[in-house]
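Engineer: Structure in structure tokens, see below.
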Ligand SMILES: Cc1cc2nc3c(=O)[nH]c(=O)nc-3n(C[C@H](O)[C@H](O)[C@H](O)COP(=O)(O)OP(=O)(O)OC[C@H]3O[C@@H](n4cnc5c(N)ncnc54)[C@H](O)[C@@H]3O)c2cc1C
């Protein structure tokens, strides 16, 4: 069995210079709707699930043998289209929260934290109207804050969902981070929603983690 690090290396291509840090630095360009085109059945492998599943296993060295040593318990179960989008989320007397208002590919596992975040923000906004604040103002703030606080996660999800090989820089970053427990903790903090993405994947922070590894 190969180590996680070896698998990462096997799946990385040195030519690719795209980094999550670059995307985050670039800021949130994708608003209202991004990547919404529905994939066709052939592209998603729905026409021959068994063949597509086993072909995908071959992408990770050794995984086919590991899976072959077990047996399948039940039929394949998939999900419907997974749009990456921000819907208009407030209007006169109504508001959307959670996936209804903002949905992204689940590959980063951030949807539940973001659903709670939007519920919290909306509850605060509604509560603020008890002191006489106009409802439209409060709902407008809710939408603005939700968009701001989820923007970086949206970029990260779009980047992760492409399933592109890691760049040289990110590969080196994860290798260096593996020996720095506080950095590992912050990386997982991003996925739970407790750490802002910029605090970890900014260009200066990546440089600092690499420098620490080389010192
Ligand atoms: C395959 C997959 C894996 C995922 N993995 C993760 C993960 O690991 N970590 C993570 O954080 N997130 C993950 N997510 C995302 C996460 O599930 C969602 O972001 C989260 O559940 C959104 O919560 P929600 O309350 O907004 O919507 P939902 O959980 O979808 O709840 C909406 C509810 O409303 C009900 N409903 C819909 N229409 C009506 C109606 N007209 N009347 C009454 N009820 C209605 C639905 O049946 C549903 O129960 C994953 C998503 C998918 C698809």
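In the UniProt record's numbering, the protein residues as written are 1 to 215.
The beta carbon of each residue, even a glycine, is placed where N, CA and C say it ideally should be.
Quick caveat: nothing in here was measured; it's all calculated off a predicted structure.
Can you tell which of 122, 163, 68 and 147 has the C-alpha that lies nearest to the C-alpha of residue 106?
Structural biologist: Locating residue 106 in the chain shown gives position 106, counting from the first residue. It is 163.
Engineer: Could I get the ranges of all uninterrupted alpha helix (DSSP H) runs contained in the stretch 45-133, with 4 residues as the minimum, in chain order?
Structural biologist: Listed in chain order, they are 49-57, 63-68 and 111-128.
Engineer: Quick one: grab the DSSP three-state call for residue 180.
Structural biologist: Stepping through the chain shown from its first residue, residue 180 is reached at position 180. Three-state result, residue 180: coil.
Engineer: Buried or exposed, going by whether 16 or more other CB atoms sit within 10 Å of the CB of residue 112?
Structural biologist: Start at 1 with the first residue of the chain shown, and residue 112 comes out as number 112. Answer is exposed; the Cβ neighbour count stays below 16.
Engineer: Would you mind giving the Cβ-Cβ distance between residue 115 and residue 91, rounded to the nearest angstrom? I have them listed as a contact below 8 Å.
Structural biologist: As a first step, residue 115 is located in the chain shown; it is residue number 115 there, counting from the start. As a first step, residue 91 is located in the chain shown; it is residue number 91 there, counting from the start. Actually they are not in contact, since the Cβ atoms of residue 115 and residue 91 sit about 20 Å apart, beyond 8 Å.
Engineer: For residue 189 versus residue 117, is the C-beta distance shorter than 8 Å?
Structural biologist: Against the chain shown, residue 189 aligns to sequence position 189. Against the chain shown, residue 117 aligns to sequence position 117. Cβ atoms of residue 189 and residue 117: not closer than 8 Å.
Engineer: Which residue's Cα is closest to the Cα of residue 108: 127, 158, 206 and 212?
Structural biologist: Here residue 108 refers to the residue found at position 108 when the chain shown is read from its first residue. Answer by Cα proximity: 158.
Engineer: Is residue 79 near ligand 1 - that is, is its Cβ less than 7 Å away from at least one heavy atom of it?
Structural biologist: Here the question's residue 79 lines up with position 79 in the chain shown. Answer for residue 79: yes, Cβ within range of ligand 1.
Engineer: Throw me the rounded Cβ distance for the residue 169 and residue 206 pair, which I believe falls under 8 Å.
Structural biologist: On the chain shown, residue 169 is found 169 positions in, with the first residue counted as 1. On the chain shown, residue 206 is found 206 positions in, with the first residue counted as 1. Confirmed, about 7 Å.
Engineer: For the alpha helix (DSSP H) containing residue 153, list its first residue and its last residue.
Structural biologist: Taking the first residue of the chain shown as position 1, residue 153 is located at position 153. First-last of the alpha helix (DSSP H) with residue 153: 135-161.
Engineer: If you run the structure through DSSP and keep just helix, strand and coil, what is residue 195?
Structural biologist: On the chain shown, residue 195 is found 195 positions in, with the first residue counted as 1. Residue 195 falls in the coil class under three-state DSSP.
Engineer: Less than 8 Å between C-beta atoms, sequence neighbours within five positions excluded: which residues of the same chain meet that for residue 212?
Structural biologist: Counting from one through the chain shown, the residue named residue 212 turns up at place 212. The residues are 176 and 180.
Engineer: Mind reading off the beta-carbon distance from residue 74 to residue 103? Whole number of angstroms is fine, and I expect it under 8 Å.
Structural biologist: Residue numbering aside, residue 74 sits at position 74 when the chain shown is read from its first letter. Residue numbering aside, residue 103 sits at position 103 when the chain shown is read from its first letter. Actually they are not in contact, since the Cβ atoms of residue 74 and residue 103 sit about 27 Å apart, beyond 8 Å.
Engineer: Go ahead and pull the three-state DSSP assignment for residue 208.
Structural biologist: Position 208 of the chain shown, counted from the start, is the residue given in the question as residue 208. Residue state, collapsed to three classes: helix.
Engineer: Let me check you understand the geometry: is the CB of residue 112 closer than 7 Å to at least one non-hydrogen atom of ligand 1?
Structural biologist: Against the chain shown, residue 112 aligns to sequence position 112. Residue 112 Cβ: within cutoff of ligand 1.
Engineer: Would you say the beta carbon of residue 189 comes nearer than 7 Å to a heavy atom of ligand 1?
Structural biologist: Within the chain shown, the letter at position 189 stands for residue 189. Answer for residue 189: no, Cβ out of range of ligand 1.
Engineer: Going by beta carbon distance, what residues of the same chain come within less than 7 Å of residue 141, once the five residues before and after it are set aside?
Structural biologist: On the chain shown, position 141 is the one that residue 141 refers to. Within the same chain, residue 141 has close Cβ partners 125.
Engineer: Under the rule that 16 or more other beta-carbon atoms within 10 Å means buried, what is residue 138, buried or exposed?
Structural biologist: Translated into the one-based positions of the chain shown, residue 138 becomes position 138. So residue 138 counts as buried.
Engineer: Taking a contact to mean a Cβ-Cβ separation below 8 Å, would you say residue 87 touches residue 101 in this structure?
Structural biologist: The sequence position of residue 87 within the chain shown is 87, counting from 1. The sequence position of residue 101 within the chain shown is 101, counting from 1. Going by C-beta atoms, residue 87 is nearer than 8 Å to residue 101.
Engineer: For ligand 1, any of its heavy atoms closer than 7 Å to the Cβ of residue 109?
Structural biologist: Here residue 109 corresponds to residue number 109 of the chain shown, with the count starting at 1. Yes; taking the cut-off as 7 Å, the Cβ of residue 109 has a heavy atom of ligand 1 nearer than that.
Engineer: Within this structure, are the beta carbons of residue 95 and residue 122 separated by less than 8 Å?
Structural biologist: Here the question's residue 95 lines up with position 95 in the chain shown. Here the question's residue 122 lines up with position 122 in the chain shown. In contact: residue 95 and residue 122 (Cβ atoms closer than 8 Å).
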